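Numbering (the working numbering), first residue to last: 95 to 777.
If you want it as structure tokens, here you go:
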């Protein structure tokens, strides 16, 4: 591993933070923490921690010796000084005299001695940093170090690689006891440059930020060099038959891991797919059922990925029904095994715990790679990132010996650690969390407003529009990981390709808002057939194409879904010279009911929104001017010419779509959003 320390960059950090009144020692602590945090082979997603011992003056002028240590919720790769809350050091050191200290009391002690009470909770390993005397202390979960310690003879290997330069700490779960044991190991040989924590990671320390950082890089590099001398070929591969495509397999897997909540409701997961040479070699190994189920490389990971992944069979392109049935059976077996693991480990003490959901967070699919799963795209990506690092650690361990994880009982302690349980209980999900919505015509006013409101309620949105730039802009405005795709919805191949891309990105589709459309005018008797056919292509057949594509995915998932169509008031109250628009819209209204009729038994609901006089790409300023002149009224009176006397906006239409997405017992329905028009009211 290459050192990234740069004297100019270090000085730049000092100069940058000096303007905020921050001293050079804390500035350098931030600088080297970021260097460590930017390397996934050292830390990932909030893992690891660093500290600095310094002196700080509080708001009333009293000076304190403090420990500035990474705070909960901060990522080392992007940390700022606020992410290293200052804790009074003397009380922390006094705590070492305690025989026992619960995790909850440890947190209270740390919070009670914060210089700034508004700071985040200090790291759960704060006491270990406090009990060590050095000014700078760094801690990482280096993948290479884990490959060494995750061996039956891991401690012997450490002595062979590092000699007496590092102390070795037997495995103890994080917290007060580990902090005391680690301090005792250091004090037995104060000449050591760091500590190896068996099955956990590595600490290095020094009197300067540079020395602590360089020691970390040096020792990790020694571990990497040792592993590099091991076997090159690790896993014997299986013979892969013709594997089905990612877009076909992802919805099947996603449906299998959706947690049934009863009454046709599901807690759905988003999928994140990964395929690299290392991942593929691991997943396609003949003995994957063995080495992939021994446990995680460091117990911290179990919180994000559970103790083992779901492993499927090879999804053959000519037997997807068989793959679906087998995967569902494997998920059932996985859940039963998880519940048994909980019952077995929970019975070992009298602590009151509530079982977590038993669904896997990582799936290995031979022939395709790995999938991370989560209630959001972020959670899924974190699970996938951690799975990749776990795979790298296992590969490294198998190159030099045999990967050996902690027993279930120890992993359970971390998975159900009270401090982590408290964090999990604070997580709340929005109504559409875990769901994937597709909005066609998403670059227009109604489509963009709909994408935004669905994303705000937790959905991950795919915005489709003929204009790719407009789709990207609407996706960016929507947020929550929305993606924009250029798609001509009148082109069946383009529609299928777009839905494949959505399945590859998120794993499937739960909600379709079929919104794309355009208005053509002209007297019906003199209307050119080409105009009418063109209108039918966009205003009817395109709705059918996207509905077919969405339904195909929903049926593969087996968890129901929602089809929503923008039909317009022209479907029930035709306007003069608007036949070219109204006729296909009327057909689309009945299309929505046909889907409700035929697919309700699969839990797929189908509803329509009947909107009128909405400023948009369809009802342009020019058209508004034309229609208002034709009626002899002002433009504002034209737009507010309804029973409420108020203009209806794209946001009002978006809320109607959202209503239908959430209305679990409503199908074959039409919601009118026009401010009130008796002539267009459904009868």
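Ideal placement from N, C-alpha and C gives every residue a C-beta, glycine not left out. Since the model is a prediction, treat every value here as computed from it, not as a measurement.
If you check the CB distance, residue 604 and residue 557 do not come in under 8 Å. DSSP places residue 190 in no alpha helix (DSSP H); its state is neither H nor E. A residue is called buried when at least 16 other Cβ atoms come within 10 angstroms of its Cβ; residue 255 meets this threshold and is buried.
About 22 Å separates the beta carbon of residue 616 from that of residue 535, a gap too long to meet the 8 Å contact definition. Three or more beta-carbon pairs separated by less than 8 Å are not found between the segment 160-178 and the segment 191-199, which leaves the two stretches without contact.
Burial is judged here by how many other beta carbons sit within 10 angstroms of a residue's own beta carbon; residue 370 has fewer than 16 and is exposed. Under the 10 Å beta carbon count, residue 654 is surrounded by 16 or more other beta carbons and is classified as buried. Within the segment 572-606, the complete alpha helix (DSSP H) segments of 4 residues or longer fall at 586-600, listed in chain order. In the three-state scheme derived from DSSP, where H, G and I count as helix and E and B as strand, residue 148 is classed as strand. Taking a C-beta distance under 8 Å as the contact criterion, residue 696 and residue 649 qualify as a contact pair.
Membership of residue 466 in the beta strand (DSSP E) is indicated by the continuous run 463-468. The beta-carbon distance between residue 471 and residue 578, rounded to whole angstroms, is 15 Å. This is too long to meet the 8 Å contact definition. DSSP places residue 397 inside the alpha helix (DSSP H), whose first and last residues are 396-399. Contact between residue 475 and residue 366 is confirmed by a C-beta separation of about 5 Å, below the 8 Å threshold. Annotation note: the segment 350-378 contains the following uninterrupted alpha helix (DSSP H) runs of length 4 or greater, listed N- to C-terminal: 371-377. Non-local C-beta neighbours of residue 129 in its own chain, meaning closer than 6 Å and more than five positions away in sequence, comprise 98, ordered along the chain. For residue 158, the enclosing beta strand (DSSP E) begins and ends at 157-163. Partner residues in the beta bridge of residue 143, as assigned by DSSP, are 233.
Look at residue 537 here: in three-state DSSP terms it is coil, with no helix or strand label. Counting other Cβ atoms within 10 Å of its Cβ, residue 666 reaches 16 or more and is therefore classed as buried. With contacts defined as CB atoms closer than 8 Å, residue 601 and residue 338 fail to qualify as a contacting pair. For residue 299, the enclosing beta strand (DSSP E) has its first and last residue at 295-300. Cβ atoms of residue 351 and residue 554 stay farther apart than 8 Å, at about 16 Å. Distance from the Cα of residue 664 is smallest, within the candidate group 773, 636 and 746, for 773. Closest option to residue 466, judged by alpha-carbon separation, among 212, 404 and 668: 404.
Looking from the CA of residue 613, the closest CA among 533, 657, 591 and 707 belongs to 707. Of all alpha-carbon atoms in 218, 134, 183 and 177, the one lying nearest the alpha-carbon of residue 235 is that of 134. Contact between the segment 480-490 and the segment 376-385 is present: three or more C-beta pairs spanning the two stretches fall below 8 Å. Under DSSP, residue 701 forms a beta bridge with 658 and 763. Membership of residue 290 in any alpha helix (DSSP H) is not indicated; the residue belongs instead to the beta strand (DSSP E) covering 288-291. Within the model, the alpha-carbon separation for residue 508 versus residue 108 is close to 38 Å.
Of 608, 681, 272 and 330, the smallest CA-CA separation from residue 559 is found for 608.
Between residue 147 and residue 229, the C-beta gap is smaller than 8 Å, which places the two residues in contact. C-alpha of residue 694 to C-alpha of residue 687: approximately 10 Å in a straight line. When secondary structure is reduced to three states using DSSP, residue 616 falls in the strand class. Residue pairing from DSSP places residue 405 in a beta bridge opposite 458.
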